[in-house]
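Visitor:
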Amino acid sequence: MGSVTELEAFLARLSREPDIDAPELQAYDAADLLLLDAARSLKLRDGDVVVVGDRHGALTLGLLHETALRGLRVHQDGVLGERALTSNATRVLGASPAQQTELFQHHPLGSSLFGGATLVVMQLPRSLSELEEIAWHIATHASPDVVVIAGGRDKHMSHSMNERLGRYFGEVTASRGWRKARMLTARGAIRPLGDPPFALHARDPELDFDLFAFGATFGGTAFDHGSRLLVQTLRERPPSPDPTHIVDLGCGNGVLAVTAALQWPRARVLATDQSAAAVAATKLTAQAAGVADRVEVHRADATDSVPTGWADLVLLNPPFHTGATVHTAVAHRLMRAVPRVLQPGGELRLVFNSGLGYRPLVERIIGPTTQLARNRTFTVLSSIAR
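Under the working numbering, read the sequence shown as residues 231 to 616, first letter to last.
1. Can you look up I403 in the DSSP assignment and give me helix, strand or coil?
2. Going by DSSP, which residues form a beta bridge with H431?
3. From the DSSP output, which residues share a beta bridge with G449?
4. If you draw a straight line from the alpha carbon of D384 to that of M391, how long is it in whole angstroms?
5. What number of angstroms, rounded off, separates the C-alpha of R406 from the C-alpha of L339?
6. Excluding five sequence neighbours on each side, which residues of the same chain lie with their C-beta closer than 6 angstroms to the C-beta of R606?
7. For D278 and V521, what's the separation of their Cα atoms in angstroms?
8. Using 8 angstroms for Cβ pairs, my map puts E296 next to L237. What's the rounded Cβ distance?
9. Can you list the beta strand (DSSP E) stretches of 3 or more residues lying completely in the region 306–383, in chain order?
10. Have a look at the DSSP bridge pairing and note the partners of H528.
11. Just to confirm, are P416 and V378 a CB contact at a threshold of 7 angstroms?
12. How do the region 489–503 and the region 452–466 stand: do at least 3 beta-carbon pairs fall below 8 angstroms, yes or no?
13. What number of angstroms, rounded off, separates the C-alpha of V304 from the C-alpha of L591?
14. Decide if the region 368–375 is in contact with the region 262–277; the criterion is three or more beta carbon pairs, one per stretch, under 8 angstroms apart.
15. Under 8 angstroms Cβ to Cβ from L437, same chain only, skipping five residues before and after it: list those, please.
16. Report buried or exposed for P598, applying the criterion of at least 16 other Cβ atoms within 10 angstroms of its Cβ.
17. Please report the straight-line C-alpha distance between E362 and T403, rounded to a whole angstrom.
18. Is V509 closer than 7 angstroms to A516 when the C-beta atoms are compared?
19. Is DSSP giving A507 helix, strand or coil here?
20. Under 8 angstroms Cβ to Cβ from P355, same chain only, skipping five residues before and after it: list those, please.
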C-alpha cells in the first residue's frame, strides 16, 4: 500500500461527535485506509457505489475526497453514525444539506440501497448475523458482477466471516495484513433462493413472548443476564403506584419494553434506540406479544424522542462499550439524559455490571437510590427523581 499521508491528514480532521469522543478514540482506522486505497483501483460509477457500516464518515467522505464520485448510497445502522457523517460533511467538506443530498443519501438495508450496485465498500461488523444479513441483501439486489470489499481489524476478524460471505459469493479472498487490519474481497454473487434469513425469533423459558432480532440487533434474540435480573425486580419489587408512562432507553430486542407493557396493561411505553435494527426488532417483538398499540418505538439518540417530564418509570440496561472499545462514557451519556424526562418522584430502574460503580452518579443526577438486587455480575438500582 502506498503513502496515505495526505488521506490520513484528511481523515484526522473528522470528529466522532455526536458519538462519544475521547483522546483514545478516533473517527477512522487502518481498515478504512485499506478500503479507500483498494476502491481507488476499481471501476467507480456515480450511483453504483454503496457504503455500509461507515462509523463516522471516514469511508463516505474519504471516497468523495479521493474520487470524483457522486450519488453514494450509504447505510449506517446507528443514528449517531448518520449524524457524525452529515456533521463532518458540513465541517470538513463545507457541504450544505442540499449539496450533501447530491453527494450521498442514506438508505435502509434492501433494494433501494443495493439495487444495481457494482461496488460495496463496508466495515466488517463484529456480528456474524449482521454480516450474513448484509451479504444476503447484496447478493439479492446488487448487480451480478458486484464486488464487495470489507475491512476490519485483525483482532475482530475470523475465518467464520469468510464462510458467511462464501454462502452468497463464489469467490472470497483475504488481503495481507497492514497495520493490524486486513480486507476481504467477495465476487460472483450467488442469488439466494427463498425468504430472507431475518428476522430471527426465539422464546426464553422465563418469558411469555418471542424475542425478535435482525442481524445488527445487539444481543440477538437472547434474554441477556442483566435484563433478566432487572425483570426479576420488576416482578418482585414493582414500582408503586403502577407506572403509566414508561421509557425503555436502549430497547434492543424489546424485552424490557414488552415486559413492562404486559405487566402494566394501562401503561404507555416509549422504546428508543439509536440502532435501526433494534427499532425494527422491538416493533416485531411488541407486535407478536399483542402490545404494539401501547409500545411506541423510536430511532433516536438517548431520550431525544421523549417529552420533558413525561415518564414515571425509565428502564435502562446500558452498554459498557462503544464499538469494539470498552468505555463507560456511553452509559454515562444515557444516564445523564434521564433526569429531563422523569417526573418528580419518577423512577430510574437501572441494571449494570457491578464493577462499574454507577451508584454515585445516579444519586447525584437523579436522587435517592436503593439497591434492589445484586448477583455475581450485575446490580439493579432504583433511583427516585427529586
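Don't be surprised by glycine CBs; every beta carbon is placed ideally from N, CA and C. Here the structure is a predicted model, which is why all the values come from computation and not from measurement.
Guide: Put simply:
1. What sits at residue 403 in the sequence shown is Thr, not Ile. Of the three classes helix, strand and coil, the one that applies to T403 here is strand, per DSSP.
2. F442
3. DSSP lists no partner for G449.
4. 12 angstroms
5. 29 angstroms
6. none
7. 41 angstroms
8. 7 angstroms
9. 334–336, 349–353, 377–383
10. T502
11. It should be pointed out that residue 416 corresponds to Ala in this sequence rather than to Pro. A contact, by the Cβ cut-off of 7 angstroms.
12. yes
13. 37 angstroms
14. no
15. F453, V485, T489
16. exposed
17. 17 angstroms
18. no
19. helix
20. G283, L361, I364, G445, A446
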